[in-house]
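Numbering (mature numbering (1 follows the signal peptide of the UniProt record, and there is no 0)), first residue to last: -19 to -1, 1 to 383. Just below is one structure, and these are the notes that go with it.
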Amino acid sequence: MKPSLFAAATLAALLGACATAPQQTTPVVTPSVPSMPPTPITTPTGPVVSQPVSPPAPVPPFPAYPNEAAARALVQNKLLPASVRDKAGWSQEIVGAFTGLHLPYRADLLCAAMAVIEQESTWQADPVVPGLGEMVWKKIAEKAGGVIPVAALKVAFLKPSATGESYTSRIDRLRTEKEMNALFEDMVADARRLGLPVNMKNPIRTGGPMQVSVEFAEEHVRAKGYPYPRKGSWRDEVFSRRGGLYFGIANLLDFPADYPDMRYRFADFNAGRYSSRNAAFQAAVSRLSGMKLSLDGDLLIYRDGAPSSSTSSTQLALERLEGRLGMSRAEVSRDLRLEKTPAFSQSALYQKVFALAGGHAARAVMPQIQLVSPKITRKLTTEWFADRVDGRYKACLAREAR
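So, in structure tokens, the structure goes:
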């Protein structure tokens, strides 16, 4: 294959790996976060059943601030770290997201959102990814298997882009995912001239200061609308500070979950909604059935975002319990399909499993998932993410208490 055609074809397949792992995409419609106390592609770390620890006793919820102005003053003057630039802008858009989502202006919820922002972007609206251009070329060279030198590949991308600058130059100076997203938007529009598939899609799936998924944003808009005038596409909104905060805060807080500790919401933000609840369900099923399960929070096997016909290990374990549960396989399958919704906690399957497990069985367990991304160079897990965010969360609450 000629270098130009090979390079164009491989770039689309490769750069998707540079995007952060997608988050769960189906939003749950709920008027507000219930009163409760605070606390990249993912793969299970292994089929090890951890012994869940009973969660701490609930503490009274934080009182809500009376209005948007009071909440903005709280965020700007007390909750934001001293080093943050443009405190007025950040506070306006964080509180604006709470207003748009009808969330209470509580310090614990505001600090939860701010802790994730700090972890994901260190208060940069368009966070920099060090060595992004080099990462892209390295992936292209790896795919080429050393047959085509990087220098030759760069020549193949010397064609001018929509900005007038060559694609090679734009890749070389890539600093942020927003720039990479813009590059791919131009490549998609220019696919025919570049010799790329005309149905090529932008592989950048997450962005903004909370690294929220574009697909989640589109699903959330369909379910709940959007409180701001849209500027460009929904993808453009995700990569803006205002939209990235709105959709990120929605993904973190705009669903009901009766967790005893905010760490489980942080884990769900990383692993998918209700992953902590579902991991606890898997732990209970594992103990009852005697079958080892990976506590990853996925009760079914998914293909392209939908449950597949393949039988999951959790389903196999539940088959061992059919007699004790008094449920048919069809009934079990019906209830398992609720796993990404709040309704699963009220299902017959969930209630019967925990009745068999006993009253001391934990209802939330940290999902055991290893994070995988070209941007991650050491072994990191969902639990590591939740703990890091929780440390920032507690530091924020300490600022509120001063």
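No residue lacks a Cβ here, since even glycine has one placed at the ideal position from N, Cα and C.
Using the Cβ count rule (16 or more neighbours within 10 Å means buried), how would you classify residue i?
i	result
Ala343	buried
Asn58	exposed
Asn48	exposed
Ser267	buried
Ala336	exposed
Pro348	buried
Gly278	buried
residue 432	The question about residue 432 has no answer, for the chain in this structure spans -19 to 383.
Tyr227	buried
Tyr283	exposed
Arg258	buried
Pro85	buried
Asp67	exposed
Arg222	buried
Gln263	buried
Lys135	buried
Quick check: does the Cβ of residue i come within less than 7 Å of any heavy atom belonging to the ligand ATP?
i	result
Ala324	Here there are no bound small molecules, and the ligand ATP is not part of this structure.
Give the single residue among the options whose Cα lies nearest to the Cα of residue i.
i	options	result
Ala163	Asn183, Arg174, Phe228 and Ala238	Asn183
Phe220	Arg156, Glu196, Thr187 and Phe250	Thr187
Cys377	Ala96, Gly114, Ala345 and Val109	Ala96
Pro130	Leu139, Lys140, Trp118 and Pro141	Trp118
Leu113	Ala382, Ala94, Glu158 and Ser270	Glu158
Val346	Ala252, Glu381 and Tyr374	Ala252
Gly213	Asp171, Ala238, Glu166 and Gly229	Glu166
Tyr374	Cys92, Leu55 and Ala54	Cys92
Which residue marks the beginning of the alpha helix (DSSP H) containing residue i, and which one marks its end?
i	result
Asp217	Trp215 to Val219
Arg203	Val195 to Lys205
Trp365	Thr363 to Ala382
Gly229	Arg222 to Leu234
Leu269	Ser256 to Ser270
residue 392	The chain is shown from -19 up to 383; residue 392 falls before or after that span and cannot be answered.
Phe247	Arg244 to Ala252
Ala106	Note, Ala106: premise wrong, no alpha helix (DSSP H); not H, not E.
Lys360	Looking at the DSSP string, Lys360 is not in any alpha helix (DSSP H), and its letter there is neither H nor E.
Ser186	The identity of residue 186 in the sequence shown is Arg, whereas the question assumes Ser. Run containing Arg186: none; DSSP gives neither H nor E here.
Thr144	No alpha helix (DSSP H) holds Thr144; DSSP gives it neither H nor E.
Leu306	Glu303 to Leu306
Leu164	Glu158 to Ala170
Within a Cβ cutoff of 7 Å, which residues of the same chain sit near residue i, ignoring the five residues on either side of it in sequence?
i	result
Phe43	Arg87, Ala88 and Asp89
Ser270	Ala298, Arg301 and Leu302
Val370	Ala96, Val97, Gln100 and Phe247
Leaving aside the five residues before and after residue i along the sequence, list all residues of the same chain whose C-beta is less than 8 Å from its C-beta, in chain order.
i	result
Ala329	Met308, Glu312 and Asp316
Ala63	none
Go through its chain and collect everything with a Cβ distance to residue i's Cβ below 6 Å, but skip five positions before and after it.
i	result
Tyr331	Phe325
Arg216	Val195
Ala122	Val131
Leu281	Pro288, Ser293 and Leu317
Inset, instruction - Examine the Cβ distances between the stretch 138 to 148 and the stretch 97 to 107 and report whether three or more of them are shorter than 8 Å. - result: Result no; under three Cβ-Cβ pairs closer than 8 Å.
Legend entry - Contact between the stretch 306 to 315 and the stretch 241 to 256 (3+ Cβ pairs under 8 Å): The stretch 306 to 315 vs the stretch 241 to 256: no contact.
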